[in-house]
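K.L.:
Numbered by the numbering used here, the letters in the sequence shown go through residues 133 to 355 in order. C-beta: ideal position from N, C-alpha, C; glycine also.
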Amino acid sequence: MKPHVVGTYCLAPYSHCGSSSLTWWEKQANPAHPFLQATPTSGEQNLLNMSEVSCKKRDDYLEWPEYFMAVAFLSAQRSKDPNSQVGACIVNAENKIVGIGYNGMPNGCSDDQLPWSRTAENKLDTKYPYVCHAELNAIMNKNSADVKGCTIYVALFPCNECAKLIIQAGIKEVIFMSDKYHDSDETRAARLMFEMAGVKFRKFSPKCNKIVIDFDSINSQKS
Numbered sequence: 133m134k135p136h137v138v139g140t141y142c143l144a145p146y147s148h149c150g151s152s153s154l155t156w157w158e159k160q161a162n163p164a165h166p167f168l169q170a171t172p173t174s175g176e177q178n179l180l181n182m183s184e185v186s187c188k189k190r191d192d193y194l195e196w197p198e199y200f201m202a203v204a205f206l207s208a209q210r211s212k213d214p215n216s217q218v219g220a221c222i223v224n225a226e227n228k229i230v231g232i233g234y235n236g237m238p239n240g241c242s243d244d245q246l247p248w249s250r251t252a253e254n255k256l257d258t259k260y261p262y263v264c265h266a267e268l269n270a271i272m273n274k275n276s277a278d279v280k281g282c283t284i285y286v287a288l289f290p291c292n293e294c295a296k297l298i299i300q301a302g303i304k305e306v307i308f309m310s311d312k313y314h315d316s317d318e319t320r321a322a323r324l325m326f327e328m329a330g331v332k333f334r335k336f337s338p339k340c341n342k343i344v345i346d347f348d349s350i351n352s353q354k355s
């Protein structure tokens, strides 16, 4: 009879009990067997060592919150803004990404012709009247019918205009990395609207401060 394999152990039928050719794996599954040997052969030990290495899962993998915030930060690298690169990632209750965005000029508007300046005598010569924030683009880029009940991960605490969009879209939680404009009127207004609309918001606390993407690492991995 063919042994039943469960996990890394071989559970042999008891019809083998009259044989002295059982493997170490089978003997481990039948400790009362008269031919039990405590020490595996060198070949069996190699297999055992390989199974212990390959069957134990990694414990340094990215957890969901770190993954989603990392996606937001990676998306930010698409921004053409020379001063501020911000990304956003919208996630539903099933931990599926339903929208990604970064700050940039509207579709069809040349980011070579519109200004990127932060200050100018004429406000129309700055980026502010034109640029779309990451939250707006993430909502507009959604790949689902809506984003109601979703969570948005974003590098910066949303401004008042983005707060309006988040509320109207039905997003229920905002997780942000930085609140460096905490005392600005725009941020204060955003907090007030979130509180009134019942939108939760909290600062993200990463378990690691840096995530490195090494494109060459795939060549050293074993399949």
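Of the choices N351, K312, K274 and A252, whose alpha-carbon is the least far from that of P290?
P.N.:
K312
K.L.:
With a threshold of 16 other CB atoms inside 10 Å of the CB of H265, please say whether the residue is buried or exposed.
P.N.:
buried
K.L.:
Expressed to the nearest angstrom, what Euclidean distance is found between the alpha-carbon atoms of I366 and D213?
P.N.:
The structure shown does not extend to residue 366, since the chain is modelled only from 133 to 355, so the question has no answer here.
K.L.:
Given a threshold of 16 other Cβ atoms within 10 Å of its Cβ, counted over all protein chains shown, does G281 qualify as buried or as exposed?
P.N.:
exposed
K.L.:
Considering Y199, what are the terminal residues of the alpha helix (DSSP H) in which it resides?
P.N.:
W196 to A208
K.L.:
Give me the residue from D348, I232 and V263 with the minimum Cα distance to N239.
P.N.:
Ranking D348, I232 and V263 by CA distance to the CA of N239 puts V263 first.
K.L.:
Within this structure, are the beta carbons of A204 and I343 separated by less than 8 Å?
P.N.:
no
K.L.:
Roughly how far, in whole angstroms, is the beta-carbon of F333 from the beta-carbon of F326, given that I think they are within contact range, below 8 Å?
P.N.:
5 Å
K.L.:
Can you tell me the Cα-Cα spacing of D243 and D192, whole angstroms?
P.N.:
Roughly 40 Å separates the two Cα atoms.
K.L.:
Leaving out five residues on either side along the sequence, give the residues of the same chain with a beta carbon under 6 Å from the beta carbon of N292.
P.N.:
Cβ neighbours of N292 beyond the five flanking positions: E318, A321 and A322.
K.L.:
Let me know the secondary structure DSSP gives A252 once reduced to three states.
P.N.:
coil
K.L.:
Report the rounded CA-to-CA distance for M272 versus C294, giving the unit in angstroms.
P.N.:
12 Å
K.L.:
Would you kindly work out how many angstroms separate the C-alpha atoms of Q217 and L256, rounded to a whole number?
P.N.:
21 Å
K.L.:
Closest to I345 by C-alpha separation, out of Q209, C187 and R250, would be which residue?
P.N.:
Checked all of Q209, C187 and R250; the closest Cα to I345 is Q209.
K.L.:
Across which residues does DSSP place A266 in a beta bridge pair?
P.N.:
In DSSP, A266 forms no bridge with anything.
K.L.:
Using the Cα positions of I232 and L297, report the straight-line distance between them to the nearest angstrom.
P.N.:
15 Å
K.L.:
Which term fits M328, buried or exposed, when burial requires 16 or more other beta carbons within 10 angstroms of its beta carbon?
P.N.:
exposed
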